[in-house]
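Heads up: take any position in the sequence shown, counting from 1, add 492, and you land on my numbering. In this text, a Cβ means the ideal position worked out from N, Cα and C, and glycines have one as well.
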Amino acid sequence: MNPLDIETVTPADLAHMAAEFEAAAVQADEAARDGLAAAADSTESTAARALARRCVAIARRHAADYRAEAAILRSGHLPDSWA
């Protein structure tokens, strides 16, 4: 991956990055659904089910973070955390 040159980033670059973050959010949503399924699976151990529940929360938080970054990029800005 090439480093981001903030002096030459274009609106098309921002749109492309936003789309990548949206795709990552979809993957995180899928991970959360998988975690919910594992947490509800009575054939799994208590520890595995507890871990799956924790992973659901993490995946959901990641999805929200990815969507927030995408929204900033779509607005034509770079997230402050990238500075």
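Contact check, A551 vs A531 under 8 Å by CB: the rounded distance?
So it is not a contact: roughly 12 Å between Cβ atoms.
Under DSSP, the alpha helix (DSSP H) around E514 begins and ends at which residues?
Secondary structure note for E514: its alpha helix (DSSP H) is the uninterrupted segment P503 to A532.
Kindly indicate which residue of P571, A556, T535 and A560 has the alpha-carbon position closest to the one of D521.
A556
Mind checking G568: buried by the 16 CB within 10 Å criterion, or exposed?
exposed
Roughly how many whole angstroms lie between the Cα atoms of P571 and A516?
Straight-line spacing of the CA atoms in P571 and A516 works out to 16 Å.
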